[in-house]
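These notes are about the structure you will find just below.
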Amino acid sequence: MIPPKPASRAGRFAFWRYVRDFRRDILSANPERLYRAKMAEFRIPFLHTFLVNDPALWRRVLIDEPANFPKSPRMAAGLEPLLGQGVFLTNGAQWRRQRRIIDPAFEGGRLRDTFPAMVAAGQSAVARLAARAGESPVEIEAEMSHATADVIFRTLFSVPIEDQTAGAVFRAFRAYQGTQPLLNLAAFLPLPRWMPRLHRRSTLRAARRIRALIGDLVAARRQAIAEGRAPDDLATKIMTTRDPQTGETFGDAEMIDQVAVFFLAGHETSASALGWALYVLALDPETQEAIAEEADAVLGEAPDFADASRLKLARDVFREVLRLYPPVPMMVREAACPATFRGRSVEAGAQVVVSPWHLGRHGGIWRDADAFCPARWSTPEGKAAAREGFIPFSAGPRVCTGAGFAMIEGPLLLALLVRRLVFRPVADRPPRPVAQLTVRSAEGIWLKIGLRR
801 MIPPKPASRA
811 GRFAFWRYVR
821 DFRRDILSAN
831 PERLYRAKMA
841 EFRIPFLHTF
851 LVNDPALWRR
861 VLIDEPANFP
871 KSPRMAAGLE
881 PLLGQGVFLT
891 NGAQWRRQRR
901 IIDPAFEGGR
911 LRDTFPAMVA
921 AGQSAVARLA
931 ARAGESPVEI
941 EAEMSHATAD
951 VIFRTLFSVP
961 IEDQTAGAVF
971 RAFRAYQGTQ
981 PLLNLAAFLP
991 LPRWMPRLHR
1001 RSTLRAARRI
1011 RALIGDLVAA
1021 RRQAIAEGRA
1031 PDDLATKIMT
1041 TRDPQTGETF
1051 GDAEMIDQVA
1061 VFFLAGHETS
1071 ASALGWALYV
1081 LALDPETQEA
1091 IAEEADAVLG
1101 EAPDFADASR
1111 LKLARDVFRE
1121 VLRLYPPVPM
1131 MVREAACPAT
1141 FRGRSVEAGA
1151 QVVVSPWHLG
1161 RHGGIWRDAD
1171 AFCPARWSTP
1181 EGKAAAREGF
1191 IPFSAGPRVC
1201 TGAGFAMIEG
1211 PLLLALLVRR
1221 LVFRPVADRP
1231 PRPVAQLTVR
1241 SAEGIWLKIG
1251 LRR
């Protein structure tokens, strides 16, 4: 089964037309040859870019020499109004300090503690969708955004999405997402730090609203910690963890930055993957039924943490969807010093793009690269291809802190949903993948929902 893939750019574009189309959708603005090339070089005014699909090159950039290829400030500029100096955007000593404080909260033992909150959020999502079964088609991306935001608030602050402040953050984030804030003029022009980034007013307004609401949550938690009544959740763990080198903790302003990162990375990316997972399962009813049978066999009425490792098919489906629709389709680094890639000179300041989207669909790495085939994850060939071209959570020192969290959350929610509900496609409303904040459908993903058995 071949699920939707965006059309590629045909022929050459004028610079300003490329900028326009790139802002609208990163994926369709690029040529088809990127799905076969080991490397591609692009030169447009003010921007020299290398896209690297060669496994030796992306490993060099992400794993072997990460200090020589830090996060690009061009891409960071688009997210700064929301994320400030959060761990997703920083480099160097500042980033290392932030990771020393954050990483302990996501260790294996802590993930076990968050599992009941994931289950509760998943069961709430099942109940909401079951109430809509048999009605008109449902826009499933919005529903998955609701579900994953619920997971984040339950695991981070021990409150459900129905909490007044949590719900307000979720609604404000939806408004922020609609302003398409990722790319602005700074992505194409080498602007100095002191120059305004020319963000849309709606982007700045929504970001201020989100950060003010998060600030209320952080302040309330700081007071609860001081009074000894704070719950033992991720927020408390992060706010009380001291940097082992300096003994310092995050202040409130820095914690707001980090919570904004967790909300973006933990809710938006998971929602993207789950939306596409439910759509491809709607196209493949046999696999959908097999996941329901697996969930019936593995999950009782009160699933426990050990059950997560037994959801093998749900995990393989989720990985296959991450391959085809990686939520973050491109990672942009900047060459800090001159380098050579495949005989080509890379000057300091050049942009280096590692693209999970193109790696996951690369014809030289994967057999039937555009096909949905969860069975490939059980074969030696599929496992070898994954080592060469499967990096939805990045790789190396900057691998996503929440990768383990996501690989428990995603298959679990998928199993809980499919165990109770049946998802079917809407023939006249096929989704069209586009890359904005994450890989989403341009007009949403619409599905019919029924009750299973």
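Position 372 of the sequence shown, counting from 1, maps to 1172 under our numbering, and the rest follow consecutively. Heads up, the beta-carbon is just placed ideally off N, CA and C, and yes, glycines get one too.
{"query": "CB contact flag (residue 873, residue 1197, <9 angstroms)", "result": "no"}
{"query": "Segment contact, 8 angstroms Cβ cut-off, at least three pairs: the segment 1157-1167 with the segment 1179-1193", "result": "yes"}
{"query": "Pairwise C-alpha distance: residue 878 and residue 1235", "result": "14 angstroms"}
{"query": "DSSP bridge partner residues for residue 848 (one or two, in chain order)", "result": "843"}
{"query": "Residue 1002 - DSSP class collapsed to helix/strand/coil", "result": "helix"}
{"query": "Reference residue 934; option with closest CA among 1233, 836, 1010, 1226", "result": "1226"}
{"query": "Distance, residue 1218 Cα to residue 932 Cα", "result": "15 angstroms"}
{"query": "At least three beta-carbon pairs within less than 8 angstroms, the segment 881-898 to the segment 1000-1020", "result": "yes"}
{"query": "Inter-stretch contact at 8 angstroms, needing at least 3 Cβ pairs: the segment 1203-1223 / the segment 1098-1115", "result": "yes"}
{"query": "C-beta atoms of residue 1155 and residue 851 nearer than 9 angstroms", "result": "yes"}
{"query": "Beta-carbon gap between residue 1172 and residue 1247 smaller than 9 angstroms", "result": "no"}
{"query": "Touch test, the segment 830-844 against the segment 1112-1128, Cβ-Cβ under 8 angstroms, three pairs minimum", "result": "no"}
{"query": "Assigned exposure category for residue 1109 - 16 Cβ within 10 Å defines buried", "result": "exposed"}
{"query": "Short Cβ contact (9 angstroms threshold) for residue 912 with residue 945", "result": "no"}
{"query": "Start-end ranges of the alpha helix (DSSP H) lying completely within the segment 1120-1174, minimum 4 residues", "result": "1156-1160"}
{"query": "Pick from 948, 1098, 902, 936 that is closest to residue 1075, judged by C-alpha positions", "result": "948"}
{"query": "Pairwise C-alpha distance: residue 1034 and residue 956", "result": "5 angstroms"}
{"query": "Distance CB(residue 916)-CB(residue 910) smaller than 9 angstroms", "result": "no"}
{"query": "Own chain residues within Cβ distance below 8 angstroms of residue 1252, not counting five before or after", "result": "1092, 1218, 1219, 1220, 1221, 1222"}
{"query": "Residue 1031 to residue 1130 span [Cα, whole Å]", "result": "37 angstroms"}
{"query": "Rounded straight-line distance, which links the Cα of residue 871 to that of residue 889", "result": "7 angstroms"}
{"query": "Length-filtered (4 minimum) alpha helix (DSSP H) runs lying within the segment 880-959", "result": "892-902, 908-930, 940-957"}
{"query": "As assigned by DSSP and simplified to three states, the class of residue 961", "result": "coil"}
{"query": "Rounded straight-line distance, which links the Cα of residue 920 to that of residue 1254", "result": "This structure cannot settle anything about residue 1254, because the visible part of the chain is limited to 801 through 1253."}
{"query": "Reduced DSSP secondary structure (H/G/I, E/B, other) of residue 1226", "result": "coil"}
{"query": "Assigned exposure category for residue 898 - 16 Cβ within 10 Å defines buried", "result": "buried"}
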